[in-house]
Every structure is written in C-alpha cells, then in structure tokens.
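J.: I'd like to ask some things about the structure below.
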Amino acid sequence: MSHPFPELPEAILTREVSAICDRYRIEPEEAGKFLEHGFYSQPDLLSKILERYPDGDITKRRDYKAIIKSVRKKVYYHLRQYQSDSQKSGELKKQLEHQVASSSDIHQSRQVIQDLLMSHISTKERSDDYPVFYKKLFDMIEPPRTILDVGCGIHPLSYPFGEVETCPDIYAATDKSQDVIEILKIFSPLAKPTRLMPVCESIADIRWADYLPNGMDSFDIAFMLKLIPVICRQDRDILPHLINVPARRILITASAEAMTRRKNIRRREDRVLRDFIELAGGNIIGKFTITNEFGYLIRMGAGGICQSREHAADSSRFY
Ligand SMILES: C[S@@+](CC[C@H](N)C(=O)[O-])C[C@H]1O[C@@H](n2cnc3c(N)ncnc32)[C@H](O)[C@@H]1O
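Residue numbering for the sequence shown follows the numbering used here, starting at 1 and increasing by one per position.
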C-alpha cells in the first residue's frame, strides 16, 4: 500500500494522529484522513514547511500550526454532526426502501436496520448495548402500550417491534430533522402491528394534544433520550414546554462522555437532568445506566399533563 503522506515525516504524522485521537472521539484511520486532506490540499505550503526538515523543528512553524488547528476544527465539526456521512445514510435509506418493498418481515431487514443505527452518532454509541437497554427498561416497567419519543433521532429503529410481548400499539416519534423522519416513515410498515407515527416538527412548535390519539389523554411513557442537555444548550426557552409532555412517565437520559471530546461529562449532565426533573415536578422511580448513557425514569404529576388534557378535545391531527 502506498504511504498516504509520502512527504510528511512518519514520526510527525503518527504524533499528530495520536494527539487528535487522545483529544477527540475519532479512530486513527479517520484522523489520518483529516490530516491528509489538511496537508495535501495545500501542496505548495507543505513543500515550504518541509524545506528546512529535518534540520529544523517544523512543528514549531506558524503555518504548520495553522494547518493542525484547522484540521482539529474540522474534526470537531465533523464529530458534532449526528449523521456525518450523508452519502452513506442516503444509500442505506434506499436499501431500506427496497427491503420494505420486498418483505414486511422486520427480521429480514435486520442488517440494514443495524447499519442505519450505526450511521447516527447517538444510536451508534449504544449499538452494542441495545439488548441491555431494553432489558433494563422492561425490568423497570411493563412493556408500554403507547410511546411518545421526543427528539427521537433514528432510535425507534432499535425498538423490539418484532417481538409480540414488547410491541406497543402506538409509537409516536418526533424530531425536527427531516432526514431522520424520512427514514422512520420508510421503516414504519415494518413496525406493524405497531402504529409508528413519525412527525417532523420542532419541539417549540409542538401542540402536545395533536399527538394524542382520540380518547387518550396521555402516553404510557415518553422517551427523551440524550435530548434534555441538547435543548438546554441550544434552545433553553422551550424547556418549560417539554415538561407538558402528555406522558405518565418519562425516560430521560444523557451521555456520560462528550460527543466530540474524550471527556467525562457525567456530573455536568446529571445536574442538567436533575434540574429538568425538578422543573417538571416529576418523581424519580428508577435509575438507568448503560455504557455511555445514564438517566432516570420519572413519574409525572398532574402538572406534567394538564396542558395536554386541556387541548385533548381538538386533537387527532395525526390519527
Ligand atoms: C442527541 S440526539 C438524540 C437522538 C435520540 N433521542 C437518541 O437518543 O438516539 C438529539 C436529537 O434531538 C433532535 N432535536 C434537537 N433539538 C430539537 C428540537 N428543538 N425539536 C425537535 N427535535 C430536536 C435532534 O434533531 C436529534 O435528533
């Protein structure tokens, strides 16, 4: 195999890859590609940098440092995206479409579902833990009949719809990302007999009553998985709206390690979750932990569902 950086000294390259991997949650091979792009997209500059090598320390040069800084920035922004490889996600979406057209058996689509779960940073993190995730959930509560998944991402793809004991009647899933909702819409026939209802909407615009099927005043459970910290950072004003979610229980979780950096953030995120529980006036009835995720199962008081009850009469936009 030809060397990817023929002009960049191996020792320096190895050191930079390792420094990036120590700081960011990225594999060496991918970090190498970012470095390759950073240096080889500016060949003239690289030649200039290498002029004094090996007599001088090129890593002290301002232009060298500028390239490294820009590579790190690109790595950071790359890791901040939920679905960083849009081409791959697009191909998987087509595969899923094809699969759904040829068979309504969810088990036949296991591989493409798994590949899709691996394509989103949030579900990728728990891809090995999903059996444990659901075991822990069903140890705490009976499999729910009605679920509302807020800021769902593509997490609904992981739900054990294929098992009679666990498949719910209704699974309403909402996210502001059109991409994830499109995937869930394609997937929804495979969730049958569960009625999977994907809705693209920002939480700020949600009228909770619109999510309630006629005759229902609340869901058995709402999932807010790795959502509250995101809302706290990006859209704090809508937090009070979230506490009005029409659900008797909420499973809220957060990540223990930062999305981009190798940094333990559990204590900080725990504070965020607990503040939310206090704001919602909920009671913690269970603790939830898997590898890089932790959270609480909370029971909501009447305050948590009152607004939805008020509007229940004019519901049924989606049912
Ligand atoms: C960290 S991801 C978690 C995804 C999923 N709950 C999971 O755990 O796999 C946060 C999700 O919240 C969604 N989100 C963020 N702000 C939102 C908002 N204001 N309204 C609706 N969805 C939002 C994002 O699009 C993203 O899919």
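Just so you know, even glycine gets a beta-carbon here, dropped at the ideal spot from N, CA and C.
Taking Cys152 as part of the alpha helix (DSSP H), name the residues at either end of that continuous run.
T.: Taken as a continuous stretch (DSSP letters only), Cys152 belongs to no alpha helix (DSSP H), as it is neither H nor E.
J.: May I ask whether a heavy atom of ligand 1 can be found less than 7 Å away from the beta carbon of Ala204?
T.: Ala204 Cβ: within cutoff of ligand 1.
J.: Considering only C-alpha positions, which residue in the set Ile141, Ile243, Gln178, Asp210 is nearest to Cys200?
T.: Nearest option by C-alpha distance: Gln178.
J.: Contact defined as beta carbons within less than 8 Å: I believe Thr260 pairs with Tyr24. What is the distance between those atoms, to the nearest angstrom?
T.: About 6 Å separates the two Cβ atoms, so the contact holds.
J.: For Lys69, does the count of other Cβ atoms within 10 angstroms reach 16, so buried, or fall short, so exposed?
T.: Lys69 comes out exposed.
J.: For Tyr171, count neighbouring C-beta atoms within 10 Å of its own C-beta (all shown protein chains included) and say buried if the count is 16 or more, exposed if not.
T.: Buried, since its Cβ has 16 or more Cβ neighbours within 10 Å.
J.: Which residue's Cα is closest to the Cα of Leu251: Cys152, Leu212, Ala258?
T.: Among Cys152, Leu212, Ala258, the Cα nearest to that of Leu251 is on Cys152.
J.: Would you please state the rounded distance, in angstroms, between the beta carbons of Leu148 and Ala247? I believe it to be under 8 Å.
T.: Indeed they touch by this definition, with Cβ atoms about 6 Å apart.
J.: Just checking my contact of Ser86 with Leu96 at CB under 8 Å: how many whole Å lie between their CB atoms?
T.: Not really, about 15 Å apart at Cβ, beyond 8 Å.
J.: Per DSSP, what kind of secondary structure is His311 in: helix, strand or coil?
T.: Here His311 scores only 35 on pLDDT, less than 50, and its place in the model is too uncertain to base an answer on.
J.: If you draw a straight line from the alpha carbon of Ser255 to that of Glu293, how long is it in whole angstroms?
T.: Rounded to whole angstroms, Ser255 to Glu293 spans 4 Å at the Cα level.
J.: Please check the pair Lys136 and Phe288, which I expect to be a contact at CB under 8 Å, by giving their CB distance rounded to whole angstroms.
T.: Indeed, because the Cβ distance is near 6 Å, the residues count as touching under 8 Å.
J.: Tell me whether the beta-carbon of Leu196 lies closer than 8 Å to the beta-carbon of Ile106.
T.: Their beta carbons are not under 8 Å apart, which means Leu196 does not touch Ile106 by this criterion.
J.: Counting C-beta neighbours from all protein chains within 10 Å, is the total for Ala11 16 or more, i.e. buried, or is it exposed?
T.: Under this definition Ala11 is an exposed residue.
J.: I need the straight-line Cα distance from Asp129 to Leu45, nearest angstrom please.
T.: Spanning the two alpha carbons is a distance of roughly 46 Å.
J.: Spell out the partners DSSP gives Thr174 in its beta bridges.
T.: Val150, Val199, per the DSSP bridge assignment.
J.: Could you tell me if the beta carbon of Ile183 falls within a distance shorter than 7 Å of some heavy atom in ligand 1?
T.: Not so, every heavy atom of ligand 1 lies at least 7 Å from the Cβ.
J.: Expressed to the nearest angstrom, what Euclidean distance is found between the alpha-carbon atoms of Arg299 and Phe276?
T.: Distance between the alpha carbons of Arg299 and Phe276 is about 13 Å.
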